[in-house]
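J.:
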Amino acid sequence: ETPAAANFLRPIVQSDLDAGKHAKIVTRFPPEPNGYLHIGHAKSICLNFGLAEEFGGECNLRFDDTNPAKEDQEYIDAIKRDVEWLGFKWAGQERYASDYFEQLHDWAVHLINTGKAFVCDLSAEQAKEYRGSLSEPGRNSPWRDRSVEENLDLFARMRAGEFPDGARALRAKIDMASPNMNLRDPILYRIRHAHHHQTGNAWCIYPSYDFTHGQSDAIEGVTHSICTLEFEDHRPLYEWFLANLPVPCAPRQYEFARLNLNYTITSKRKLKQLVDEKHVEGWDDPRMSTLSGYRRRGYTPASLRNFCDMIGVNRAGGVVDIGMLEFAIREDLDANAPRAMCVLRPLKVVITNYPEGRIEDLALPRHPKQDMGVRVLPFSRELYIDRDDYMESPPKGYKRLEPGGEVRLRGSYVIRADETVRDAGGNIVELRCSYDQNTLGKNPEGRKVKGVIHWVPAEGSVECEVRLYDRLFRSANPEKAPEESEGQGGSFLDNINPESLQVLRGCRAEPSLAQVQAEERFQFEREGYFCVDLKDSRPGVPVFNRTVTLRDSWGQ
Ligand code: ATP
Ligand code: MG
Ligand code: MG
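In the UniProt record's numbering, the protein residues as written are 5 to 560.
1. Look at the Cβ atom of residue 3, then the Cβ atom of Val347, and state whether they are nearer than 8 Å.
2. Going by CA-CA distance only, name the one from Val152, Glu487 and Val317 that's closest to Cys231.
3. For Gln18, which of helix, strand or coil comes out of DSSP?
4. Taking any heavy atom of ligand 1 as the mark, which residues have a C-beta closer than 5 Å to it, listed down the chain?
5. Closest to Asn52 by CA distance: which of Asn501, Ser516 and Phe260 is it?
6. Considering only the alpha carbon of each residue, which of Gly361, Arg301 and Gly455 lies closest to Ala522?
7. Would DSSP call Gly510 helix, strand or coil?
8. Run through DSSP, which three-state label would Phe167 get?
9. Compare the Cα-Cα distances from Leu505 to each of Glu285, Asp338, Phe12 and Cys124 and report the closest residue.
10. Could you check whether Gly136 and Tyr79 sit closer than 8 Å to each other, using their CB atoms as the reference points?
11. Tell me whether the beta-carbon of Pro34 lies closer than 8 Å to the beta-carbon of Ile83.
12. Does DSSP put Leu381 in a helix, a strand or coil?
13. What do you reckon, are the CB atoms on Arg436 and Glu423 nearer than 8 Å?
14. Can you tell me which of the three DSSP states Val113 falls into?
15. Helix, strand or coil: how does DSSP classify His26 here?
16. Reducing DSSP to helix, strand and coil, say where Lys352 ends up.
17. For Ala8, which residues of its own chain have a beta-carbon under 8 Å away from its beta-carbon, when the five flanking residues on both sides are left out?
18. So, using beta-carbon positions, are Thr270 and His42 closer together than 8 Å?
19. Whole angstroms are fine: how far does the CA of Pro350 sit from the CA of Arg478?
20. Quick one: what's got a C-beta closer than 7 Å to Asn184's C-beta in the same chain, skipping five residues either side?
21. Which residues in the same chain as Leu156 place their Cβ atom closer than 6 Å to its Cβ, once the five residues preceding and following it in sequence are excluded?
22. Nearest CA to the CA of Pro486: which residue from Leu138, Asn501 and His114?
23. Check whether the Cβ atoms of Ala462 and Leu387 lie closer than 8 Å to each other.
24. To the nearest angstrom, how far is the alpha carbon of Gly60 from that of Asp289?
25. Have a look at Gly142, Glu281, Gly119 and Arg194 and flag the residue whose alpha-carbon is nearest the alpha-carbon of Ser182.
26. Decide yes or no for the touch test of the region 333-344 against the region 69-78: beta carbon pairs closer than 8 Å, at least 3 of them.
27. Using CA coordinates, which residue listed in His26, Ile178 and Gln441 is at the minimum distance from Thr227?
28. Which same chain residues, not among the five before or five after Val545, have their C-beta less than 6 Å away from its C-beta?
29. Which same chain residues end up closer than 7 Å to Gly401 when comparing Cβ atoms and leaving out the 5 residues on each side of it in sequence?
30. Is there contact between the region 91-108 and the region 169-176, where contact requires at least three CB pairs shorter than 8 Å?
31. Judging by CA-CA distance, which residue of Gln277, Glu234 and Ser397 is the nearest neighbour of Gly321?
32. Go through its chain and collect everything with a Cβ distance to Trp558's Cβ below 7 Å, but skip five positions before and after it.
33. Look up Pro369 in the DSSP assignment and give the residues it is bridged to.
34. Around the Cβ of His200, are there at least 16 other Cβ atoms within 10 angstroms (buried) or fewer (exposed)?
35. Compute the Euclidean distance between the alpha carbons of Gly430 and Phe496, then round it to the nearest angstrom.
36. Alpha carbon to alpha carbon, what distance is there between Phe526 and Gln374?
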């Protein structure tokens, strides 16, 4: 395995433990259930669960569910499934920020009572204007000096549902002149008459992300609250709440650089757009950068975890080459996937000098290095090779089959192409060949055979569907509209690769694949790594998804 890259949080945790700051560490992974997890989330999952595992601590799974309009139970279920699939176990039951709504509400009341929060009647638009800008200090809201009694009364009535959405908000009283915009009297509660997937209609006011996150960490006893760099400027606010509320402990926030991967979208909003507008078949389409997409594509949990180890954790951004991710899955499948043969574009071959009715069972190892036993290929008079392995007038150096030429059938005999049979349109429908009976497991005498091609027997091979996937985006930075469409309403959708999926029907897999199970993975010799589709494969009628090619053939 490729060695792990540095992770700057490891020494921080180690020294906190050495100093006796914590008996054990607690981390958390806090997704908002408003979409499926993507490869960027895998980095955060591996980091949070990985640190807890390495240092004998615990990691919570907490749904950051303060925005009910965009959230859904389907997303909660998918997120739990994906985290488990990656191989991690959260401590106890999954948690929800909404579990803490009552406590958060009481803490909001506490801030009102201590003169640190007020009910503000500015509209969203006015509030924005009062906020100022980076170059200009904000102005105090005209509602900032309301009495504690009036604030308590209005906040209670907000909760009771007396006001429409947006009519009022509860804000912290911090500093409208702060150079950090997050400290300019940030919003604590908004009015939203919305049904919530966990709390139903119990609430019509919802806490903001900032008012929820740190306190939820504190309630759970989180020691190291790790988030991406966009939240660096929120850290002073995170700490302000902890300092001004009677919280049970004070977690520390650390930030790391988010994962950006070329040729790949890592934004839930854009992934959702791909699904909603049907550019893909769903969140788990094998071309999607979601964990459930990679799963269906045939990626293993180990390969994604290794990838996350390989990229490391630091505070400097940058774009990771997708070749690293492909390297990680190839490395895993090369070591662990059994070999098999599957002919994607079958061309019938008749061995004219092979006795009719005779069958020889040839045993081939399932793996070249690992002992996985053998699989049996019955050799007889009729078989299939790939159309691409026969050429009438091949270029120089061609190592496959040509008129009068010889090639070895993998694990079997050397054959020679003698004759073609054509249909009325002149298309080759059959190849008539002869075999050299002295070439099983040994080279022919006096001549050198250059090529080895794959094949399957006509009898007993399994008809199947094969889906060849390629990158969903043809540009390295798909988030950016292509130059020719920029300024003309172009978007990332213009970067979609129109050839990202090729479906081949009537392919033929070797007989040992008659009973494959969903998610079984193989190397199809000479073709790449393939996985039995999780959704569409049926007993006796398998569907194979190409996970990755054997070598990087991008751009060739
Ligand atoms: P998106 O922008 O795709 O909606 P998000 O950050 O809003 O992502 P959350 O559900 O809030 O999505 O993310 C849960 C956790 O995963 C957060 O701690 C977040 O920082 C982390 N995360 C999200 N995207 C990435 C990424 N590309 N690389 C690393 N961590 C990420
Ligand atoms: Mg978020
Ligand atoms: Mg988001």
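Glycine included, C-beta positions come from ideal geometry on N, C-alpha and C. Bear in mind that the values here come from a model prediction, so they are computed numbers and not experimental data.
T.: Taking the geometry as given:
1. Absent from the model: residue 3. The displayed extent of the chain is 5 to 560, so no value can be given.
2. Numbered from its first residue, the sequence shown carries residue 231 at position 227. The candidate whose alpha carbon is nearest that of Cys231 is Val317.
3. Along the sequence shown, read from residue 1 onward, the residue named residue 18 stands at position 14. Helix, per DSSP.
4. Result: Pro35, Glu36, Gly44, His45, Lys47, Ser48, Cys231, Thr232, Arg262, Leu263, Thr270, Ser271 and Lys272.
5. Here the question's residue 52 lines up with position 48 in the sequence shown. Its Cα nearest to that of Asn52, the residue Phe260 stands out among Asn501, Ser516 and Phe260.
6. Taking the first residue of the sequence shown as position 1, residue 522 is located at position 518. Among Gly361, Arg301 and Gly455, the Cα nearest to that of Ala522 belongs to Arg301.
7. Counted from its first residue, the sequence shown places residue 510 at position 506. If DSSP states are grouped into helix, strand and coil, Gly510 belongs with the strands.
8. For the purposes of this step, residue 167 is taken as residue 163 along the sequence shown, with counting starting at 1. The answer is coil: DSSP assigns Phe167 none of H, G, I, E or B.
9. Position 501 of the sequence shown holds residue 505. Per the Cα distances, Glu285.
10. Taking the first residue of the sequence shown as 1, we reach residue 79 at position 75. Taking the first residue of the sequence shown as 1, we reach residue 136 at position 132. It is not a contact, given that the beta carbons lie outside the stated cut-off.
11. On the sequence shown, position 30 is the one that residue 34 refers to. On the sequence shown, position 79 is the one that residue 83 refers to. No; because the gap between Cβ atoms is not below 8 Å, this pair is not in contact.
12. As a working note, residue 381 is residue 377 in the sequence shown. It is a strand residue.
13. Taking the sequence shown and counting its residues from 1, one reaches residue 436 at position 432. Taking the sequence shown and counting its residues from 1, one reaches residue 423 at position 419. In contact: Arg436 and Glu423 (Cβ atoms closer than 8 Å).
14. Within the sequence shown, residue 113 is the residue found at index 109, counting from 1. In the structure shown, Val113 adopts helical secondary structure according to DSSP, grouped into three states.
15. Taking the sequence shown and counting its residues from 1, one reaches residue 26 at position 22. Shown here, His26 sits in coil according to DSSP, grouped into three states, outside any helix or strand.
16. The residue you call residue 352 lines up with position 348 of the sequence shown. Lys352 falls in the strand class under three-state DSSP.
17. Numbered from 1 along the sequence shown, position 4 holds the residue referred to as residue 8. Excluding sequence neighbours, Ala8 sits near Asp313, Met314 and Gly316.
18. As a position in the sequence shown, residue 270 is number 266, starting the count at 1. As a position in the sequence shown, residue 42 is number 38, starting the count at 1. Yes, Cβ-Cβ distance for Thr270 and His42 is below 8 Å.
19. Position 474 of the sequence shown, counted from the start, is the residue given in the question as residue 478. Position 346 of the sequence shown, counted from the start, is the residue given in the question as residue 350. Those two C-alpha atoms are separated by around 30 Å.
20. Stepping through the sequence shown from its first residue, residue 184 is reached at position 180. Hits under 7 Å: Asp237 and Pro240.
21. Working through the sequence shown from its first residue, we reach residue 156 at position 152. Closer than 6 Å at Cβ, skipping near neighbours: Ile116.
22. In the sequence shown, residue 486 corresponds to position 482, counting from 1. Selected option, being the one with the closest Cα: Asn501.
23. Along the sequence shown, one-based indexing puts residue 462 at 458. Along the sequence shown, one-based indexing puts residue 387 at 383. Result yes, Cβ atoms of Ala462 and Leu387 sit closer than 8 Å.
24. In the sequence shown, residue 60 corresponds to position 56, counting from 1. In the sequence shown, residue 289 corresponds to position 285, counting from 1. One alpha carbon belongs to Gly60, the other to Asp289, and they sit about 36 Å apart.
25. Within the sequence shown, the letter at position 178 stands for residue 182. Ranking the options by Cα distance to Ser182, first place goes to Gly142.
26. no
27. Taking the first residue of the sequence shown as position 1, residue 227 is located at position 223. Of the candidates His26, Ile178 and Gln441, the one whose C-alpha sits nearest the C-alpha of Thr227 is His26.
28. For the purposes of this step, residue 545 is taken as the residue at position 541 of the sequence shown. Within the same chain, no residue comes within 6 Å of Val545 by CB-CB distance, once the 5 residues on both sides are set aside.
29. Looking up residue 401 in the sequence shown gives position 397. Excluding sequence neighbours, Gly401 sits near nothing in its chain.
30. no
31. Here residue 321 refers to the residue found at position 317 when the sequence shown is read from its first residue. The option with the nearest alpha carbon to Gly321 is Glu234.
32. For the purposes of this step, residue 558 is taken as the residue at position 554 of the sequence shown. Its pLDDT being 47, under 50, Trp558 is placed unreliably in this model, and the value from its coordinates should be taken loosely. Nothing meets the Cβ criterion.
33. Taking the first residue of the sequence shown as position 1, residue 369 is located at position 365. Val378, per the DSSP bridge assignment.
34. Looking up residue 200 in the sequence shown gives position 196. That one is buried.
35. Translated into positions along the sequence shown, residue 430 becomes position 426. Translated into positions along the sequence shown, residue 496 becomes position 492. Annotation: Gly430 to Phe496 spans about 44 Å, alpha carbon to alpha carbon.
36. Taking the sequence shown and counting its residues from 1, the one referred to as residue 374 is at position 370. Taking the sequence shown and counting its residues from 1, the one referred to as residue 526 is at position 522. It is roughly 14 Å from the alpha-carbon of Gln374 to the alpha-carbon of Phe526.
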